[in-house]
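K.L.:
Numbering (the numbering used here), first residue to last: 245 to 510. I'd like to ask you about the structure that follows.
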């Protein structure tokens with residue numbers, strides 16, 4: 245009998261090894277752009293660890309981490325990330341990569357390289373917001389505030405919220421001939437542009453950094469800390485940085501690796 249039990253246990257070992265995985269809560273931009281389709285197989289080949297992605301807005305991704313429903317969080321709103329760590333939900337946060345936001349719409353507005361001036365010129369024009377507490381939504385609200393405009397005053401008239409991801413929001417903007425703020429990755433991979441074009445880009449205020457962190461295993465003991473740390477180390481190390489830099493959409497590089505620490509000033 246003991247021999248049969250041992251044989252059964254040994255037979256189960258390879259299957260258990262194949263099931264080694266982490267859950268990553270991240271943004272729709274990283275998933276829908278195809279970035280993870282490029283990166284994660286390379287990480288699995290290097291480590292034997294699979295990554296199961298839950299792609300939602302930044303706010304929801306962080307809430308998944310708060311509840312312990314993810315092992316690692318990769319999002320793009322620095323203030324929210326720092327608050328997440330300060331509250332004890334995340335540890336070992338590292339900068340991972342960046343791209344930028346673009347204002348898209350039917351025609352240029354304001355000054356094409358001045359995001360605040362462009363948003364100031366948007367009041368009264370059709371605008372579609374994600375309205376979902378994502379990193380893109382948070383960036384949009386900061387720009388409205390800097391422009392001195394309360395977009396909620398236009399709700400039901402020129403300002404609409406989808407409560408959805410970037411793809412659905414871009415589709416609505418295209419259908420309504422409206423403006424919206426998008427991350428560069430989602431815009432590059434969006435195929436239903438119709439009359440939309442980039443109306444404003446290139447302002448440093450549109451810088452869009454991504455951070456990665458481990459969900460705190462002290463708060464949630466079931467978190468796969470060793471596997472999560474392995475993923476973070478790979479992503480922010482030489483192999484991950486090279487994979488991020490090599491990723492293209494339509495021949496265009498849309499994500500750029502960030503250094504693990506700020507470069508020394510010259």
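Glycine included, every Cβ here is placed at the ideal spot set by N, Cα and C. As the structure is a prediction and not an experimental result, all values here were calculated from the model.
Could you tell me which uninterrupted alpha helix (DSSP H) segments, each at least 4 residues in length, are contained entirely in the region 369-393, listed from first to last along the chain?
P.N.:
As far as the region 369-393 is concerned, its whole alpha helix (DSSP H) runs of at least 4 residues are 379-391.
K.L.:
From residue 470 to residue 483, what does the alpha carbon distance come to, in whole angstroms?
P.N.:
Spanning the two alpha carbons is a distance of roughly 18 Å.
K.L.:
Alpha carbon to alpha carbon, what distance is there between residue 366 and residue 465?
P.N.:
Each residue's alpha carbon lies about 48 Å from the other.
K.L.:
Excluding the five sequence neighbours on either side, which residues of its own chain have a C-beta within less than 7 Å of the C-beta of residue 320, listed in chain order?
P.N.:
Closer than 7 Å at the Cβ level, and outside the excluded window around residue 320, lie 271, 302, 379, 452, 453 and 454.
K.L.:
Where do the N-terminal and C-terminal ends of the alpha helix (DSSP H) with residue 302 fall, by residue?
P.N.:
Here the alpha helix (DSSP H) through residue 302 covers 302-310.
K.L.:
I'd like the list of long-range same chain contacts for residue 306, defined as Cβ closer than 7 Å, with 5 residues on each side in sequence excluded.
P.N.:
So the list reads 317, 319, 324 and 328, once near-sequence residues are dropped.
K.L.:
With distances taken Cα to Cα, identify the nearest neighbour of residue 310 among 285, 269 and 358.
P.N.:
The residue with the shortest Cα to Cα distance from residue 310 is 269.
K.L.:
Name the DSSP bridge partner or partners of residue 452?
P.N.:
Looking at the DSSP assignment, residue 452 forms a beta bridge with 343.
K.L.:
Which residue marks the beginning of the beta strand (DSSP E) containing residue 268, and which one marks its end?
P.N.:
Element bounds for residue 268: 265-270.
K.L.:
How many angstroms separate the CA atom of residue 415 from the CA atom of residue 373?
P.N.:
If I take the Cα positions, the gap works out to 12 Å.
K.L.:
List the whole-angstrom C-beta distance separating residue 315 from residue 449, where the pair is believed to meet the contact cut-off of C-beta under 8 Å.
P.N.:
Not quite, the Cβ-Cβ distance comes to about 33 Å (not below 8 Å), so this is no contact.
K.L.:
By how many angstroms is the C-alpha of residue 477 removed from the C-alpha of residue 337?
P.N.:
About 11 Å.
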